[in-house]
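This report refers to the structure that appears directly beneath it.
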Ligand code: ADP
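Residue numbers (mature numbering (1 follows the signal peptide of the UniProt record, and there is no 0)): 15 to 481.
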């Protein structure tokens, strides 16, 4: 009985440490907008890198041609071929492949990684059969921080999400891929290098021109948005014709002392291969949520006997995946059989129903915090561009009616698309922060494979600008 009380105490401490009351979320919104501004003023002015993308025109539906995209994400890579015939409704995704990235690749060498990608692309193209003598063009969708030097080139700043290929920081990513393709004799040109969020924004904008920002909640998390070039003070010569440019925030690295951080977050960070980095991503990214939940269960198991003898499996970092967290959280069987099954896989068997319920509660606390922080991040962007109804920048304190324009935020990523409770908590928090009147002008649009398809669309639109 004393043991149970101990566990309840641990849960209570967790709940308190993860609290995200509206006041705190609003402080976070302000902090996001302030950091965005600081990151736009000077290089290194904020933990938010606010990277230039050189994308000033987004696809609008008039694009034509056949294009390829290869997308290296955190857990998956995808290859697609799309055909466009000048009308939005005729977008034809002719082929799409999704594969998980073998973990051995994540700490291999640059040669191994890029040859793997090139060989996958080669197989994809060979499937087409009668390869006419067409000049193939590829968009490389790359879900890691890159300092772009043009729309088609850029150097890796650092790896994130468990990737660790040491000699690669500072390398030109497009050149690496192009080199590997050439070595295999593949006649295809890497014509665009696109962050996954920028791909998602392009896809969103193609279908709906009110789309001004895109956020990815997958293995990691990041966002981009359309900014006025005159607000990008650190860039002297923006070389854009439209007067705006897409900025890749790299928001996974956002930090504020107002973030509700727990001892589990501190441990996770300290033991990670990129400690003191990507603090926001470690609270909201799919790679990490499962491990936070695992750490709470492990602590409870160390301080009580309710989970039986301490399981060595449970002590292994990252054994509990976030898809198992959502499966437990959304377990609607009366006896919580899914929870029992997943605990068993973790080496914890035969726990009573009330312990299973406790595990569901832990999942709820960790995911709710993530979703609410995500909502604050999105509202921070809206605030920065004057679309949060507060009458800030761009809004000049007029009435809501005059200020609020329909605003679409494209959202994609496996965490958002597959975890219903995450989506619901995020929507609820957005409504709370923005207030009903404003929230009804803000549309969150989910899109599957938007990053990959959107990168191909972006490549197509950059062509129509040149020709
Ligand atoms: P990537 O991050 O590799 O680009 P995705 O956007 O598809 O790929 O995101 C994959 C991530 O989404 C997984 O690593 C996992 O963290 C999360 N995810 C996938 N399915 C689920 C699920 N059912 N419940 C919760 N999270 C999930």
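Glycine residues also receive a C-beta, built at the ideal position from the N, C-alpha and C atoms.
Asked, Found
"Own chain partners of residue 223 with C-beta closer than 7 Å, once the 5 adjacent residues on each side are dropped", "74"
"Close beta carbons around residue 456, own chain, < 6 Å, minus the five adjacent residues each side", "421"
"Outcome for residue 250 when other beta-carbon atoms lying within 10 angstroms are tallied against a minimum of 16", "exposed"
"Any 3 or more C-beta pairs closer than 8 Å across the region 287 to 306 and the region 321 to 330", "no"
"Expected contact under 8 Å - CB spacing of residue 477 and residue 218 to nearest Å", "The pair is not a contact, with the Cβ atoms about 20 Å apart (cut-off 8 Å)."
"Residue 247 and residue 261 closer than 8 Å at C-beta", "no"
"Residue 89: CB within 7 Å of a non-hydrogen atom of the ligand ADP", "yes"
"Identity of the residues DSSP links to residue 150 by a beta bridge", "202"
"Minimum Cβ-Cβ distance from residue 49 to chain C less than 8 Å", "Protein chains in the displayed structure number just one, and chain C is not present."
"Backbone CA spacing between residue 409 and residue 419 [nearest angstrom]", "Low confidence applies to residue 409: its pLDDT is 46, below 50, so where it sits in the model is not reliable enough to give any reading."
"Sequence-distant residues of its chain with Cβ nearer than 6 Å to residue 68 (five each side left out)", "162, 164, 165"
"Three-state class that DSSP yields for residue 95 in the structure shown", "strand"
"Check: residue 157 C-beta below 7 Å from any heavy atom of the ligand ADP", "yes"
"Where residue 156 sits in the DSSP three-state scheme", "strand"
"Length of the line joining the Cα atoms of residue 412 and residue 401", "For residue 412, the predicted structure reports a pLDDT of 49, less than 50, and the residue's modelled location is therefore unreliable. The matter cannot be settled from this model."
"Heavy atom of the ligand ADP within 7 Å of residue 233 beta-carbon", "yes"
"Residues bridged to residue 112 (per DSSP)", "92"
"Residue 399 in three-state terms, based on DSSP", "coil"
"Contact between the region 338 to 347 and the region 371 to 385 (3+ Cβ pairs under 8 Å)", "yes"
"Reduced DSSP secondary structure (H/G/I, E/B, other) of residue 42", "helix"
"Distance between residue 121 and residue 415 (C-alpha atoms, nearest Å)", "In this prediction, residue 415 scores a pLDDT of 47, lower than 50, which makes its location untrustworthy; no coordinate-derived value is stated."
"Cβ-based neighbour list, residue 139, same chain, cut-off 6 Å, excluding 5 preceding and 5 following", "none"
"Contact test: residue 131 Cβ vs the ligand ADP heavy atom, cutoff 7 Å", "no"
"Beta-carbon proximity list for residue 311, same chain, < 6 Å, skipping 5 on both sides", "none"
"Sequence-distant residues of its chain with Cβ nearer than 8 Å to residue 294 (five each side left out)", "235, 265, 266, 267, 268, 269, 273, 387, 391"
"Nearest-angstrom Cβ-Cβ length linking residue 470 and residue 179, presumed shorter than 8 Å", "About 26 Å separates the two Cβ atoms, so there is no contact after all."
"Spatial distance of residue 18 from residue 338 (CA atoms)", "25 Å"
"Nonlocal neighbours in the same chain, by C-beta distance under 8 Å from residue 404, ignoring five residues either side", "397"
"Check: residue 301 C-beta below 7 Å from any heavy atom of the ligand ADP", "yes"
"Distance between residue 115 and residue 90 (C-alpha atoms, nearest Å)", "5 Å"
"Three-state secondary structure (DSSP) of residue 31", "helix"
"Touching by the beta-carbon criterion (3+ pairs, under 8 Å), the region 421 to 433 and the region 224 to 234", "yes"
"Residue 432: CB within 7 Å of a non-hydrogen atom of the ligand ADP", "yes"
"Residue 180 beta carbon near the ligand COA (any heavy atom closer than 7 Å)", "The ligand COA is not part of the structure shown, which contains the ligand ADP as its ligands."
"Per-residue DSSP class, three states only, for residue 371", "helix"
"Residue 304 and residue 334 closer than 8 Å at C-beta", "yes"
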